[in-house]
Amino acid sequence: MANAPKKNTRENARSKKSRSTGRQAAAKMQVGEGGEPHQTTTGEVLTSNQGVPIADHQNTLTVGPRGPQLIEDSFMREKITHFDHERIPERAVHARGYAAHGYFEAYGKNAPLTKAAFLQPGVKTDVFVRFSTVAGSKGSPDTARDVRGFAVKFYTTEGNYDLVGNNIPVFFIQDAIKFPDLIHSVKPAPDRGFPQAQSAHDSFWDFVSLTPESVNMLMWVMSDRAIPRSFRMMDGFGVHTFRLINKSGKSTFVKFHWRPKLGAVSLIWDEALAIAGADPDFHRRDLWNAIEDGDYPEWELSVQAFSEEEADAFDFDVLDPTKLVPEELVPLRPLGKMVLNRNVDNFFAETEQVAFCPSHVVPGIDLSNDPLLQGRLFSYLDTQLSRLGSPNFHQIPVNKPRCPVGNFQRDGHMQTGAQATRVAYEPNSLDDGGPREDPKRGFQSYPAEEFGQKLRIRPESFADHYTQARQFWHSMTEPEQRHIIGGFSFELGKVQRQEIRERMVGHLMVVDPDLAKSVAEKLGLEGKIRPARPAVEPRDIEPSPALSQYRAVKGDLGGKKVGVLVTDGAPSRLFRALKKAVKAAGGQLATVAVRPAPVALDDGTSLEVDHFLAGAPSAVFDAVVLIPGPDEVEELLSLSASVDWVRDAFAHLKVIGYTPEIVTILERANIERFAAEDDGLVELSNKAVKTFVEEASQHRCWDREPAVR
Ligand code: HDD
477 MANAPKKNTR ENARSKKSRS TGRQAAAKMQ VGEGGEPHQT TTGEVLTSNQ GVPIADHQNT
537 LTVGPRGPQL IEDSFMREKI THFDHERIPE RAVHARGYAA HGYFEAYGKN APLTKAAFLQ
597 PGVKTDVFVR FSTVAGSKGS PDTARDVRGF AVKFYTTEGN YDLVGNNIPV FFIQDAIKFP
657 DLIHSVKPAP DRGFPQAQSA HDSFWDFVSL TPESVNMLMW VMSDRAIPRS FRMMDGFGVH
717 TFRLINKSGK STFVKFHWRP KLGAVSLIWD EALAIAGADP DFHRRDLWNA IEDGDYPEWE
777 LSVQAFSEEE ADAFDFDVLD PTKLVPEELV PLRPLGKMVL NRNVDNFFAE TEQVAFCPSH
837 VVPGIDLSND PLLQGRLFSY LDTQLSRLGS PNFHQIPVNK PRCPVGNFQR DGHMQTGAQA
897 TRVAYEPNSL DDGGPREDPK RGFQSYPAEE FGQKLRIRPE SFADHYTQAR QFWHSMTEPE
957 QRHIIGGFSF ELGKVQRQEI RERMVGHLMV VDPDLAKSVA EKLGLEGKIR PARPAVEPRD
1017 IEPSPALSQY RAVKGDLGGK KVGVLVTDGA PSRLFRALKK AVKAAGGQLA TVAVRPAPVA
1077 LDDGTSLEVD HFLAGAPSAV FDAVVLIPGP DEVEELLSLS ASVDWVRDAF AHLKVIGYTP
1137 EIVTILERAN IERFAAEDDG LVELSNKAVK TFVEEASQHR CWDREPAVR
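Just so we're aligned, residue 477 is where the sequence shown starts under my numbering, counting upward by one.
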């Protein structure tokens, strides 16, 4: 919680740890070679950046006690100057992000597809992963409706490989030349400087409704995928078609997929909005806490692999980044697993300064002619130069390859390598120890045959913008379809220009008339919509069940958090039974009390609580339980926060466990009337704990939704 009291046990555990390492931890100011923390100061004396011991860190040098300050005070000037230059430009997109270290371990089963060293059997490679939102600035809330970045840096033995993907497998545009327009449309308007971190406004919908190639992506962005429950519960995709190259030089086209071990699940939109206020750091806190707890998040990396001939036979173009390859057409082939097991030591040094570039590929992996990818190959290197200020950004520890680097590039801003060679060119005969090219080990571009006229033209094979959008819609479960309708209605409802709303719903008419009708109804546009005129008439193709998040739910509480509202006199046996059952199902129990002070359970045990009620609305938990002591119900009833707690949990489709004593609170929240038929309202006894956990393991009570909205 933004305002969580000091009882947040995991964060306290971290601060205790820091305290126990005392000054050592305080002196941990930089990240050293290979990302390992090291200290810039070995002694205990406070020094200037030149290492000069400082005698007085509280007062500037003045003439007499009340006189003017002296420019001679180099300590003061050094400190203030450094402070003045602390900020670097935030990323033009994906400014808000959070990262962690870990490793990737290759299974090797599909290794024959590639000669990439890090994908050979059993090879373990360090990784650094940064998750992000796209539109918001650095300080924006984590739970905004947005695409999530999923960028992985593999520190392989043959150089760094960056897989710079998203949590959605398709993209808004087909050609990188449109990227600045797309981003300018979604970012705050240049005249007024808002809206921040959202797409629910005129300029975004103006642009995308005039850009039909965005329609497939819009279906994804209006779906639950754009409001993930956690970074740990989110898929990742390389989006473009890439190539794997094997030892004999054979190329196979691939699409990269990351699958989280915890399963991919999302928030409910109203809940995401509430969390944005209650805990804008919801996703980063979740990742950081999980890693601190040793509950390391894990993903499996797979590819869909297909030959160029197979690609030619698909009824879409694999070079078009607004299209995906359905898994029913090409199944996933696992390559290995990734585990994140270390939080950063310094957010700026690592998370801010990490520089990903899709052009960073290693032998065994190669690019395709996807025009969006081709443009990205230019953009990222360019942006790092302005963001990090130097062509030596690869020397920043988090960006530094963990294998030998040797070439004749020299100098530049912030050069840290003092290369002790006479020559900075090759061929040379003066310096026989210099690095030389190696045609065997070296990166070889796949010799694809290319020919044709120079043209500025979109391939005709990119022209069908609606078939896969329609397939996506028909592949969703009913709740997911409801959420997509809700997403479009909310966003377009915020658009002020009627013609933009109508134009957009016109595209939805082509995707699916029922979808368009439902959105039009919610916007009061019935009878006003003219369908868009597609360049290519969409086809009806088989749904792809694999596109649905909720067709198969994992069915446990892995990584989830159950909030328990307790007071003095709360039933101790029930509390312990709950704690045990939630833990056994992989979840975590967090206690909430009216005040941030211990409560006495009915057996006299004193229970430290994790949160206080006003600071921990039910939105931040996956399921909730109310087990107050019988004598405290009256007090709870008098607090709107406790009535809201249960009312919001119900509206956010959460499972609610309760003891019979609190029926009056359910009545006040106007939900008691649902108790008979709603499986997600579980009256608790020690026996019913199992039922509660089973229900909560389904993630949310979708059947309740029509009654709620
Ligand atoms: Fe991008 C950052 C993912 C298209 C230009 N992009 C950035 C990041 C991710 C992506 C995850 C954050 C990296 C980090 O954590 O530091 N971008 C994508 C995906 C795309 C995509 C999956 C389409 C498939 N991007 C794209 C295009 C362009 C850019 C077409 C420009 C032509 N992206 C950038 C950038 C950023 C960036 C401006 C901002 C900060 C950075 O690069 O390092 O260059």
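The beta carbon of each residue, even a glycine, is placed where N, CA and C say it ideally should be.
Every value quoted in this text rests on a predicted model; they were computed, and no experiment measured them.
Only counting the same chain, and skipping five residues up and downstream in sequence, which positions put a Cβ closer than 6 Å to that of residue i?
i: R1055; result: The amino acid occupying residue 1055 in the given sequence is Lys; Arg does not appear at that position. Hits under 6 Å: L1065.
i: W1178; result: P955
i: A1151; result: L1157
i: G739; result: K1030
i: V569; result: V610 and I659
i: D1032; result: A1061, G1062 and S1173
i: V1101; result: V1040 and G1133
i: R701; result: I644
Report buried or exposed for residue i, applying the criterion of at least 16 other Cβ atoms within 10 angstroms of its Cβ.
i: H677; result: buried
i: V507; result: For V507, the pLDDT reaches just 39, beneath the cut-off of 50, and the residue's location in the model is therefore unreliable, although a value from the coordinates is still provided. The residue in question, V507, is buried, as its Cβ has 16 or more Cβ neighbours within 10 Å.
i: S921; result: exposed
i: N883; result: exposed
i: P1182; result: exposed
i: V923; result: First, the amino acid is wrong: residue 923 is Pro here, not Val. It is exposed - the Cβ of P923 has fewer than 16 other Cβ atoms within 10 Å.
i: G753; result: exposed
i: V539; result: exposed
i: E975; result: exposed
i: D769; result: exposed
i: F604; result: buried
i: N1162; result: exposed
Reducing DSSP to helix, strand and coil, say where residue i ends up.
i: N765; result: helix
i: R499; result: Here the model assigns R499 a pLDDT of 32, short of 50, so the residue's position is not dependable and the matter cannot be decided.
i: V995; result: helix
i: Y856; result: helix
i: M985; result: helix
i: K629; result: strand
i: K1056; result: helix
i: V1159; result: Here the sequence assigns Glu to residue 1159, which means Val is not the residue at that position. The answer is strand: DSSP assigns E1159 an E or B state.
i: F1097; result: coil
i: L1113; result: helix
i: S951; result: helix
i: L680; result: The sequence as given places Phe at residue 680; Leu does not occur at that position. In this structure, F680 counts as helix in the three-state DSSP scheme.
i: V1029; result: coil
i: V1169; result: helix
i: L1089; result: helix
i: N1146; result: coil
i: E520; result: coil
i: I564; result: coil
i: F919; result: coil
Apart from the five residues on each side of it in sequence, which residues of its chain come closer than 7 Å, Cβ to Cβ, to residue i?
i: V662; result: A611, S675 and F680
i: G962; result: W745
i: M709; result: P736, L738, G739, A740, V741 and G1035
i: Y1026; result: T953, P955 and E956
Which residue or residues does DSSP assign as beta-bridge partners of residue i?
i: T728; result: L720
i: W775; result: P736 and M814
i: A1076; result: S1082
i: N535; result: Per DSSP, none; premise fails for N535.
i: L931; result: None, per the DSSP bridge assignment.
i: Q1064; result: K1037
Within the same chain, show all residues whose beta-carbon is closer than 8 Å to that of residue i, passing over the 5 residues directly before and after it, in chain order.
i: K1004; result: E978 and A996
i: I530; result: V521, L522, T523, S524 and F551
i: E804; result: E1018, S1020, P1021 and A1022
i: R719; result: S727, T728, F729, V730, I841, D842, L843, S844 and Y922
i: G888; result: S866, P867 and N868
May I have the straight-line CA-CA distance separating residue i from residue j, to the nearest angstrom?
i: G578; j: S844; result: 28 Å
i: V971; j: F683; result: 12 Å
i: K544; j: E562; result: One detail in the question is off: residue 544 reads as Pro in this sequence, not Lys. So the two alpha carbons sit approximately 27 Å from each other.
i: N868; j: A1092; result: 45 Å
i: D1107; j: P873; result: 58 Å
i: P451; j: A587; result: As shown, the chain starts at 477 and ends at 1185. That puts residue 451 outside it, with no answer to give.
i: T590; j: E634; result: 14 Å
i: Q891; j: P807; result: 46 Å
i: T632; j: K799; result: 30 Å
i: P1136; j: I1103; result: 9 Å
i: C879; j: L777; result: 23 Å
i: K585; j: D1079; result: 56 Å
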